[in-house]
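For the sequence shown, this note's numbering gives the first residue as 9, with consecutive numbering after it.
One structure below.
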Amino acid sequence: MPKLLCTCGYIHNLSPIPDDGYIVIKDQTYESLIEYEINLSQLQSSRKTEYTDQDLLISRINELQERLYKCPDCNEIQWIKKDGTIERYKCI
Ligand SMILES: [Zn+2]
C-alpha cells in the first residue's frame, strides 16, 4: 500500500484511485498530454484495440505527470517529481 510520509508524521494514503493529491503537468508538455489522451481515446473506442499500444500511451501520459500533496495537519506541500525525488515546501 503506497504511502507518503510528511515531515510532521502525517501519512498520505496513495492507494485510492483517485487519491487526495494533485496532478501537475508542465505547461511545455501539456499539448503532448492532450495528444496522448486523444490517441488513447481513439484506440479505446476502436475495435482493433491493441493493449500494448494503450499501455504505451498510458505510460507516456504517466511520465508527463508529477504529483502534489498538501498535508492537512501542517500545510507542507510535497512535490513528487518525475524522477521520484520529493521537494517539500512549507505554506505560511
Ligand atoms: Zn505535515
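Every residue, glycine too, gets a C-beta built ideally from N, C-alpha and C.
Treat the numbers as computed from the prediction; the structure is a model and nothing was measured.
Problem - beta-carbon G29 near ligand 1 non-hydrogen atom, thresh 8 angstroms - result: Working through the sequence shown from its first residue, we reach residue 29 at position 21. For ligand 1, not one heavy atom lies less than 8 angstroms from the Cβ of G29.
Practice task
Apply the 10 Å Cβ neighbour rule to Y97 and answer buried if 16 or more other Cβ atoms are within range, or exposed otherwise.
Solution key: Counting from 1 along the sequence shown, the entry for residue 97 is found at position 89. Classification for Y97: exposed.
Practice task
Quick one: residues with CB closer than 5 angstroms to any heavy atom of ligand 1, in chain order, please.
Solution key: C14, C16, Y18, C79, D81, C82, E84
Practice task
For the region 77 to 92 and the region 11 to 23, state whether three or more C-beta atom pairs, one from each stretch, are separated by less than 8 angstroms.
Solution key: yes
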